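Note sheet for the following structure.
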Amino acid sequence: MEGAFILEKLILVVIVFTVSLVIAMYSTLAERKIAGFMQDRHGPNRAGFGGLLQPLCDGGKFFFKEEIIPAGAHRPLFILGPTLAIITACISSAVIPWGQTLTVGNREVVLQVADINVGVLYIFGVVALGVYGIMIGGWASNNKFSLLGAIRAASQSISYEIGMGLSLIALLMVTQTLSMSEIVAQQSGFVNWNIWVQPIGFLIFMTCAFAECNRVPFDLPECETELVGGYHTEYSSMKLGLYMFSEYINMFVSSALMAALYFGGYNFPFMHDLGLSQNWITILGVLAFFLKIFGFIFFFMWIRWTLPRFRYDQLMNLGWKMLIPLAIANIVLTGVITLIKDTYFA
Amino acid sequence: MSVFYLVAFLAIFFALMTIFTKNPVHSVLYLVVTFFTLTIHYILLNAQFLAVVNFIVYMGAIMVLFLFVLMLLNMNEESEPMKSNLVKVMGAIAGICLIATFLGAFKVIAPNNEFVVGNAEVGLVKNLGKVLFNEFLLPFEISSILLLTAMVGAVLLAKKEVKKI
Numbered sequence: 520m521e522g523a524f525i526l527e528k529l530i531l532v533v534i535v536f537t538v539s540l541v542i543a544m545y546s547t548l549a550e551r552k553i554a555g556f557m558q559d560r561h562g563p564n565r566a567g568f569g570g571l572l573q574p575l576c577d578g579g580k581f582f583f584k585e586e587i588i589p590a591g592a593h594r595p596l597f598i599l600g601p602t603l604a605i606i607t608a609c610i611s612s613a614v615i616p617w618g619q620t621l622t623v624g625n626r627e628v629v630l631q632v633a634d635i636n637v638g639v640l641y642i643f644g645v646v647a648l649g650v651y652g653i654m655i656g657g658w659a660s661n662n663k664f665s666l667l668g669a670i671r672a673a674s675q676s677i678s679y680e681i682g683m684g685l686s687l688i689a690l691l692m693v694t695q696t697l698s699m700s701e702i703v704a705q706q707s708g709f710v711n712w713n714i715w716v717q718p719i720g721f722l723i724f725m726t727c728a729f730a731e732c733n734r735v736p737f738d739l740p741e742c743e744t745e746l747v748g749g750y751h752t753e754y755s756s757m758k759l760g761l762y763m764f765s766e767y768i769n770m771f772v773s774s775a776l777m778a779a780l781y782f783g784g785y786n787f788p789f790m791h792d793l794g795l796s797q798n799w800i801t802i803l804g805v806l807a808f809f810l811k812i813f814g815f816i817f818f819f820m821w822i823r824w825t826l827p828r829f830r831y832d833q834l835m836n837l838g839w840k841m842l843i844p845l846a847i848a849n850i851v852l853t854g855v856i857t858l859i860k861d862t863y864f865a
Numbered sequence: 002m003s004v005f006y007l008v009a010f011l012a013i014f015f016a017l018m019t020i021f022t023k024n025p026v027h028s029v030l031y032l033v034v035t036f037f038t039l040t041i042h043y044i045l046l047n048a049q050f051l052a053v054v055n056f057i058v059y060m061g062a063i064m065v066l067f068l069f070v071l072m073l074l075n076m077n078e079e080s081e082p083m084k085s086n087l088v089k090v091m092g093a094i095a096g097i098c099l100i101a102t103f104l105g106a107f108k109v110i111a112p113n114n115e116f117v118v119g120n121a122e123v124g125l126v127k128n129l130g131k132v133l134f135n136e137f138l139l140p141f142e143i144s145s146i147l148l149l150t151a152m153v154g155a156v157l158l159a160k161k162e163v164k165k166i
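Chains as they are written, first to last, in our numbering: chain A, 520 to 865; chain B, 2 to 166.
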């Protein structure tokens, strides 16, 4: 029993890990294809059919490039930086519920790696940890542009974590639980999705997710016109690859989070009216979840090729003077509405 | 129990490394690892909420700020100011006083340690919230006002400097 449980979780971990890596890999291609589409050109189309082998070629190129560790760099920390970045990117997907239960033989397999009852806080903690990879790497490079990039990343991440946390508090007031699986299970069907009760919270959360992933218009830590390459100026070969990979994995995980917290996760409209067996609903649910995730990833890229980058003071003003007061107002509003609902319409 | 001893050993080891490393940035990073071992301690005690809050607030926010300030100051072994011997002696005396206080405190607790165990579920968010917002509502609100005061004070101090320039 215990052995089967461990095996089941191990298989699930391997699948989730592989899927996030593959999606991160193909996000690079998707990004360039979408950029091409937006700018009325083809994008990469030489390697394989429609450029489908392009990510493999890029990966191979990363492996064979010369690896340089600058003489003035702090060696152990220089290596630790990208390692930490990719680890924190990968472990945050552990609490996301990918689907309902699958019945294989007599076993019920839950499609979630770890159902801990402080799941939302766990993700928040891992996100908070993510900035260490960038900071350590930027500092260890011993280069002023890297350091400036690292400092920008740290202050940006701290500023937007507050807004993100406050927007989540309003959501938690509605869901009454911190467990990811329960939050998703509550949103069955279509009308129960949290987006309908927390639209402002979702907008704040999404803006903060953009900032936490260092995506345009919040990509000041790697702003090449001012900082050469930002925190990864000194990095080459696969270490640079790991930094870029961790950015794409972060994008995938935050898309999954937005889909799970606000857009019903694996729930899809009319899921209980189709008259299908539990296994089929689960499989369709997983597909629906990934469809939502791809939608959000596309949105990330769409924004990147649409909006220009913020100036640094604009970034700080938006974080501290707009998003945080808005999030607090959202909490108060949610509280008042909940109170009115409980008193008069219960 | 063996997990406890391993984690306790790591906690003390990294705490000592925090003190003994010369480079301030390394020192902060060792402190981060120390906080991580403390988080594991909380999980072993089934205090999930405390563990995650320790993780988010100390590791994710406060230590990032420490690191941030140290990176801006760019201190290293050469430029570190040497402390005078008087300061070292005073520090040693203060440390010994703290150890004496701790020993005294533990001597009182030791005989009735069943009291410490209590309800194993008390660390979960639900139970903790109920206790905080019923029995300990007043202290909880007062401490939050204290934090707010500190924040307003910090903003005020920062504002004053801007005016001078």
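Beta carbons are placed, not taken as given, at the ideal position from N, Cα and C, and that holds for glycine.
Values in this document were obtained by computation on a predicted structure and should not be read as measured data.
Is any beta-carbon of chain A found at less than 8 Å from that of G61 (chain B)? Under the Cβ criterion of 8 Å, G61 (chain B) is counted among the residues facing chain A.
Any beta strand (DSSP E) of 3 or more consecutive residues that is wholly inside the region 618-664 of chain A: Runs found: 620-623 and 626-629.
Using a C-beta cutoff of 8 Å, does M152 (chain B) count as contacting chain A? So, not an interface residue.
Anything in the region 693-717 of chain A with a Cβ closer than 7 Å to a Cβ of chain B? List those residues in chain order, please. Residues L697.
Flag this pair as touching only if the region 798-812 of chain A and the region 635-643 of chain A have three or more C-beta atom pairs under 8 Å; answer yes or no. Counting C-beta pairs with one atom in each stretch, the region 798-812 of chain A and the region 635-643 of chain A have fewer than three that are closer than 8 Å, which means they do not touch.
Nearest neighbour of G656 (chain A), chosen from A:Q833, A:F721 and A:Y754 [CA to CA]: Out of A:Q833, A:F721 and A:Y754, A:Y754 has the C-alpha closest to the C-alpha of G656 (chain A).
Determine the direct distance from the alpha carbon of I702 (chain A) to that of T857 (chain A), and round the result to whole angstroms. Cα to Cα, the separation comes out at about 17 Å.
Can a CB atom of chain B be found closer than 8 Å to the CB of A669 (chain A)? Answer yes: the Cβ-Cβ gap between A669 (chain A) and chain B drops below 8 Å somewhere.
Starting from the beta carbon of G682 (chain A), find every residue of chain B whose beta carbon is closer than 9 Å, and list them in chain order. Those within 9 Å of G682 (chain A) in chain B number zero; the least Cβ separation is about 13 Å.
Going by beta carbon distance, what residues of the same chain come within less than 7 Å of Y59 (chain B), once the five residues before and after it are set aside? These residues qualify, in order along the chain: F36.
Using a C-beta cutoff of 8 Å, does V535 (chain A) count as contacting chain B? Not an interface residue.
Let's test the definition: count the other Cβ atoms within 10 Å of the Cβ of T537 (chain A) and tell me whether it reaches 16, buried, or not, exposed. In this structure T537 (chain A) is exposed. Its beta-carbon is surrounded by fewer than 16 other beta-carbon atoms within 10 angstroms.
The ligand PLP and I605 (chain A): does any heavy atom of the ligand fall closer than 7 Å to the residue's C-beta? For the ligand PLP, the structure offers nothing, since it holds no ligand at all.
What is the DSSP secondary structure of I587 (chain A), reduced to helix, strand or coil? Three-state DSSP puts I587 (chain A) in coil, outside helix and strand.
Quick one: what's got a C-beta closer than 8 Å to T22 (chain B)'s C-beta in the same chain, skipping five residues either side? If we look at T22 (chain B) and ignore the five residues flanking it on each side, its Cβ neighbours are S28 and Y31.
Do we get a CB-CB distance below 8 Å when we pair L133 (chain B) with the residues of chain A? At least 8 Å separates the CB of L133 (chain B) from every CB of chain A.
Restricting to runs no shorter than 4 residues, where is the alpha helix (DSSP H) found entirely within the region 706-733 of chain A? Within the region 706-733 of chain A, the complete alpha helix (DSSP H) runs of at least 4 residues are 718-731.
Does the beta carbon of F737 (chain A) sit closer than 8 Å to a beta carbon anywhere in chain B? Interface with chain B (8 Å Cβ-Cβ cutoff): F737 (chain A) is excluded.
State yes or no: is the C-beta of P589 (chain A) within less than 8 Å of the C-beta of N661 (chain A)? Less than 8 Å divides the Cβ of P589 (chain A) from the Cβ of N661 (chain A).
Between M790 (chain A) and L68 (chain B), how many whole angstroms is the CB-CB distance? I'm expecting something under 8 Å. Actually they do not touch by this definition, with Cβ atoms about 46 Å apart.
Between which two residues does the alpha helix (DSSP H) holding L837 (chain A) run? Where L837 (chain A) is concerned, there is no enclosing alpha helix (DSSP H), because DSSP gives it neither an H nor an E.
What does N636 (chain A) touch in chain B if you count any residue whose Cβ is under 8 Å from its own? Those within 8 Å of N636 (chain A) in chain B are Q49, L125 and V126.
Length of the line joining the Cα atoms of P718 (chain A) and S765 (chain A): Straight across, the Cα-Cα distance linking P718 (chain A) with S765 (chain A) is about 28 Å.
So what does DSSP say about Q695 (chain A), is it helix, strand or coil? If DSSP states are grouped into helix, strand and coil, Q695 (chain A) belongs with coil.
Could you give the C-beta distance for L842 (chain A) and I723 (chain A), rounded to a whole number, given that I count them as a contact under 8 Å? Indeed, because the Cβ distance is near 5 Å, the residues count as touching under 8 Å.
Residue range of the unbroken alpha helix (DSSP H) whose run includes I542 (chain A): Per DSSP, the unbroken alpha helix (DSSP H) holding I542 (chain A) starts and ends at E521 to M557.
Please go through the same chain and pick out, in chain order, the residues whose beta-carbon is closer than 8 Å to the beta-carbon of A566 (chain A), but skip the five residues on each side of it. Scanning its chain for C-beta atoms nearer than 8 Å, with the 5 sequence neighbours on each side dropped, one finds around A566 (chain A) the residues L572, Q573, L575 and C576, in chain order.
What is the C-beta distance between L129 (chain B) and F50 (chain B), in whole angstroms, given that I count them as a contact (C-beta under 8 Å)? Between L129 (chain B) and F50 (chain B), the beta carbon gap of about 5 Å places them in contact (Cβ cut-off 8 Å).
Cutoff 8 Å; reference E680 (chain A); Cβ partners in own chain excluding five residues on either side: Annotation for E680 (chain A): F643, V646, A647, C727 and E731 place their beta carbon closer than 8 Å to its own, counting only its chain and skipping 5 residues before and after.
Just to confirm before moving on: does the CB-CB distance between P616 (chain A) and A779 (chain A) stay below 8 Å? It is a contact, given that the beta carbons lie within the stated cut-off.
Below 7 Å on C-beta distance, what does V650 (chain A) contact in chain B? Under the 7 Å cutoff, chain B gives V65.
Inter-residue spacing [alpha-carbon to alpha-carbon] between G570 (chain A) and F815 (chain A): In this structure, the straight-line span from the alpha carbon of G570 (chain A) to that of F815 (chain A) is close to 22 Å.
Kindly indicate which three-state DSSP category I615 (chain A) falls into: helix, strand or coil? If DSSP states are grouped into helix, strand and coil, I615 (chain A) belongs with coil.
Quick one: what's got a C-beta closer than 6 Å to L746 (chain A)'s C-beta in the same chain, skipping five residues either side? Cβ within range, chain order: F664, L667 and G668.
Quick test of your reading: F771 (chain A) and S611 (chain A), contact by CB under 8 Å. State the CB separation rounded to the nearest angstrom. Not a contact, Cβ separation roughly 10 Å.
Tell me whether C98 (chain B) is buried or exposed, calling it buried when 16 or more other Cβ atoms sit within 10 Å of its Cβ. Burial call: exposed.
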